[in-house]
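J.: Let me begin by handing over the structure; questions about it come next.
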Amino acid sequence: MIEISVIIPVYNAADFLEKAVHSAAQFDEVKEIILAEDQSTDDSLEICRKLAAEISKVKLFQHPNGENRGAGASRNLGIDHATSEFIAFLDADDYYLPNRFDAEKELFKDPKTEGIFGAIGTEYLTEKGKQEFQSKFKEMSLSTVEYPAEGEEVFRGLLSLTPKTFGTSFHLNSLTVRRDSLRRNHIRFNETLRVHQDSELIIRLAYHCHLKTGIIDKAIAIRGIHDDNRITKIIKYTPQYNQRQFLFWKSMNDWAVAQQIAPEYRKRIYLIYKSFDLSLKSGLAKYGSIFLEILKNPDILKTKYRFTYYNR
3 MIEISVIIPV YNAADFLEKA VHSAAQFDEV KEIILAEDQS TDDSLEICRK LAAEISKVKL
63 FQHPNGENRG AGASRNLGID HATSEFIAFL DADDYYLPNR FDAEKELFKD PKTEGIFGAI
123 GTEYLTEKGK QEFQSKFKEM SLSTVEYPAE GEEVFRGLLS LTPKTFGTSF HLNSLTVRRD
183 SLRRNHIRFN ETLRVHQDSE LIIRLAYHCH LKTGIIDKAI AIRGIHDDNR ITKIIKYTPQ
243 YNQRQFLFWK SMNDWAVAQQ IAPEYRKRIY LIYKSFDLSL KSGLAKYGSI FLEILKNPDI
303 LKTKYRFTYY NR
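With my numbering as the guide, the letters of the sequence shown map in order to residues 3 to 314.
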């Protein structure tokens, strides 16, 4: 039987935390549930302590001096303390379904497979959250990729370099990965990113590790949608959205250059990064920069992000 450490970053999740923890505790494969508490201002810390006292699998950790360091640092804290062969992640306002690790039990029998991911569903916890989510994502009952894949095909798909549309991301709640693969490849969450640190890690993970799709046609976890979801607050291609995307893709570009990955991949990442970089400029300098970039890299006009240049 595989053994799994589930890492749950906790910040102001008092209304949801117990359900998340109990959803992970139901599995015999889950040997520990690591709560990485991030200086919550509600009752989350007290609930963490109560759960740790009641459930032997639950372990509570905080940052030095009980500081607030963000979701990326909290997940890294969990990784540092994980002891099981496999690591899975769960957001504190979400929960696992009973089939969460069905694919893992079979697919991890192949030692080549380093990570498994699948589909997640959506549950609306508030009417306002539902309206905000549906205005941004329409009626998206299942977040998943379009077809089964593994290895380099996953990485290419996440960069939209496959002939068929694969999907540019999958949810961290659906990922299970070998702990040794994270450590051997020095893969950690980028703590300088306040948002998108999960998507950034997933792309790097797909490059360094052999990932494989698990259950992608039905949900293995549920994402709770409520008033405080960050994902619903930002409108696409607004200055705030472009700024966050710029930081995300700058981090990816810095990594691609440092790793000297294949030119095809490096160019793809650079073009997306540069699209959002240009979107943040203004006035004549903006249009001059666009003109020079087109002369240097005409393919920038082929990216789906090209219209972000003109939003300011």
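From the three backbone atoms N, C-alpha and C, an ideal C-beta is built for every residue, glycine too.
#1: Note down, in chain order, each residue of its chain lying with its Cβ closer than 8 Å to the Cβ of Phe168, except the 5 sequence neighbours on either side.
#2: From the DSSP output, read off the bridge partner residues of Ala180.
#3: When burial is assigned at 16 or more other CB atoms within 10 Å of the CB, is Pro241 buried or exposed?
#4: Check this for me: beta carbons of Val179 and Ile81, under 7 Å apart or not?
#5: Consult DSSP for Leu213 and reduce its assignment to one of helix, strand or coil.
#6: Using CA coordinates, which residue listed in His173, Lys52, Leu203, Asp45 is at the minimum distance from Asn78?
#7: Closest by CA to Phe195, which one among Ser171, Gly74, His173, Glu116?
#8: Can you tell me which of the three DSSP states Glu148 falls into?
#9: Are at least three pairs of beta-carbons, each pair with one atom in the segment 115 to 123 and one in the segment 54 to 66, less than 8 Å apart?
#10: Expressed to the nearest angstrom, what Euclidean distance is found between the alpha-carbon atoms of Gly2 and Leu99?
#11: Considering only the alpha carbon of each residue, which of Lys298, Asp93, Thr215 lies closest to Leu174?
#12: Beta carbon of Asn255, beta carbon of Phe278: below 7 Å?
#13: Determine the extent of the alpha helix (DSSP H) in which Tyr275 is found, giving its start and end residues.
#14: Report the rounded CA-to-CA distance for Gln199 versus Glu56, giving the unit in angstroms.
#15: Is it right to say Thr215 is buried, meaning 16 or more other beta carbons lie within 10 angstroms of its own, or is it exposed?
#16: For Asn101, which option in Asn299, Leu249, Ala264, Asp219 has the closest C-alpha, if you only look at C-alpha atoms?
#17: Using CA atoms only, rank isn't needed, just tell me which of Thr164, Leu273, Glu39 is closest to Lys304.
#18: Spell out the partners DSSP gives Val123 in its beta bridges.
#19: Quick one: residues in its chain with C-beta nearer than 6 Å to the C-beta of Lys33, no 5 flanking neighbours on either side, listed in chain order?
#20: My assumption, with CB atoms under 8 Å, is that Asp95 sits in contact with Phe18. Please give the rounded CB distance.
T.: Straight from the coordinates:
#1: Val147, Glu148, Tyr149, Ala151, Glu155, Val156, Arg158, Gly159, Leu160, Ser162
#2: Position check: residue 180 holds Arg in this sequence, whereas Ala was assumed. Looking at the DSSP assignment, Arg180 forms a beta bridge with Phe88.
#3: exposed
#4: no
#5: strand
#6: Leu203
#7: In the sequence on display, residue 195 carries Leu and not Phe. Among Ser171, Gly74, His173, Glu116, the Cα nearest to that of Leu195 belongs to Gly74.
#8: Looking at Glu148 - three-state DSSP - the assignment turns out to be coil, as it is neither helix nor strand.
#9: no
#10: Because the chain spans 3 through 314 in this model, residue 2 falls outside it and cannot be assessed.
#11: Asp93
#12: no
#13: Residues 265 to 281.
#14: 32 Å
#15: So Thr215 counts as buried.
#16: Among Asn299, Leu249, Ala264, Asp219, the Cα nearest to that of Asn101 is on Asp219.
#17: Leu273
#18: The displayed chain sequence assigns Gly, not Val, to residue 123. Per DSSP, Leu144, Ile224.
#19: Glu5, Ser86
#20: 4 Å
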